[in-house]
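**Student:** The numbering of the sequence shown is the working numbering, which starts it at 37 and goes up by one.
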Amino acid sequence: MKKITKSKINVIWSMRKWPKNYIMWRLTTAYPNGWKFALLHPFLFIKDLWNFLSWCQMIDKDIEL
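#1: Reducing DSSP to helix, strand and coil, say where ASN69 ends up.
#2: Since SER50 is in the alpha helix (DSSP H), which residue starts that stretch and which ends it?
#3: When the Cα atoms are used, what is the spatial distance from LYS56 to SER50?
Here is the structure:
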């Protein structure tokens with residue numbers, strides 16, 4: 037069976053179901069001041085988000101259906 041890799045847009049779309057507390061926890065563990073740091077450093081945040089989405093695609097590709 038051929039595996040289909042989700043696009044980054046599909047991965048982001050699936051993240052809409054994540055609880056707000058989980059997103060805040062992710063930002064707090066990733067950055068010194070959480071979401072404030074992400075807002076003050078948008079280019080770094082976008083770069084990190086892109087890398088995270090690439091990682092999600094790689095992990096999703098490795099999961100057996």
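Where is the CB? At the ideal position from N, CA and C, for every residue including glycine.
**Tutor:** According to the structure shown:
#1: coil
#2: 44 to 51
#3: 14 Å
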